[in-house]
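Number 57 in this note's numbering belongs to position 34 of the sequence shown; there are no gaps in the numbering.
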Amino acid sequence: MAEGATQGREVVLETDRLLLRRWRVADAAVQRELWTERDPRVPPHRRIDADGHPTIADIEEWIRADRPSPTGLLAVERKAAGDVIGYCGLVDSGRGSETEPELAFELLRRVWGQGYATEASLAVLDWARSSGHERLWATVWDWNTASRRVLEKLGFTETERHEVDPVRGTTLFTTIRL
Numbered sequence: 024m025a026e027g028a029t030q031g032r033e034v035v036l037e038t039d040r041l042l043l044r045r046w047r048v049a050d051a052a053v054q055r056e057l058w059t060e061r062d063p064r065v066p067p068h069r070r071i072d073a074d075g076h077p078t079i080a081d082i083e084e085w086i087r088a089d090r091p092s093p094t095g096l097l098a099v100e101r102k103a104a105g106d107v108i109g110y111c112g113l114v115d116s117g118r119g120s121e122t123e124p125e126l127a128f129e130l131l132r133r134v135w136g137q138g139y140a141t142e143a144s145l146a147v148l149d150w151a152r153s154s155g156h157e158r159l160w161a162t163v164w165d166w167n168t169a170s171r172r173v174l175e176k177l178g179f180t181e182t183e184r185h186e187v188d189p190v191r192g193t194t195l196f197t198t199i200r201l
């Protein structure tokens, strides 16, 4: 399904409709929009704070400072429109192990329900498999039914592990063998 290329250590993935690539400074506004759309139950450190941070300038600096890596969150760009609609990739969250990264994705609300999260995630799973990963993790809030559906479509299964937060909800741990 996905074609992948590694330029140096930089990952670029392509599907029929999407290009997954490194973030560009010009994408900072999209990344900030993702921050503004987050559910209020998401922890405060992942939402815009009372002072308006992160700003677009903050995010531009993060993008400039980012270095290519064998894991990371790739910008998801629609090929036909040429617009960035979110991110998908692998992160070393510390929740799995060094050899078992975590799949992460987040898309702008205006593109929800069009299969982009599943398509982008399948490309990342294909790349992870071809890179020698045998298992991946994904965590999801129990109330995030849309992301839970995507993970189910991808073949992730819930484990017995949960982290309960009485304010924010329960984080479910899922895994997939590649």
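Note that beta-carbon positions come from the ideal geometry of N, C-alpha and C, so glycine has one too.
Which two residues bound the contiguous beta strand (DSSP E) that contains residue i?
i           : result
residue 114 : 106-114
residue 85  : That residue, residue 85, is in no beta strand (DSSP E); its alpha helix (DSSP H) goes 79-88.
residue 34  : 33-37
residue 44  : 41-44
Evaluate residue i with the Cβ neighbour count: other Cβ atoms within 10 Å of its Cβ, from every protein chain shown; 16 or more gives buried, anything less gives exposed.
i           : result
residue 190 : exposed
residue 198 : buried
residue 137 : exposed
residue 107 : buried
residue 124 : buried
residue 168 : exposed
residue 140 : buried
residue 112 : buried
residue 188 : exposed
Tell me, to the nearest whole angstrom, how far the beta carbon of residue i is from that of residue j; I am working on the premise that it is less than 8 angstroms.
i           : j           : result
residue 200 : residue 158 : 5 angstroms
residue 61  : residue 69  : 6 angstroms
Hey, quick one: how far does the alpha helix (DSSP H) through residue i stretch, first residue to last?
i           : result
residue 146 : 139-153
Quickly, what does DSSP pair residue i with across the bridge? List them, please.
i           : result
residue 160 : 125, 198
residue 188 : 192
May I ask you to verify whether the stretch 166-186 touches the stretch 71-83, counting CB pairs closer than 8 angstroms and requiring at least 3?
no
Counting Cβ pairs closer than 8 angstroms, one from the stretch 100-115 and one from the stretch 125-144, do we hit at least three?
yes
Counting Cβ pairs, one atom from each stretch, are 3 or more of them under 8 angstroms apart for the stretch 31-41 and the stretch 140-154?
yes
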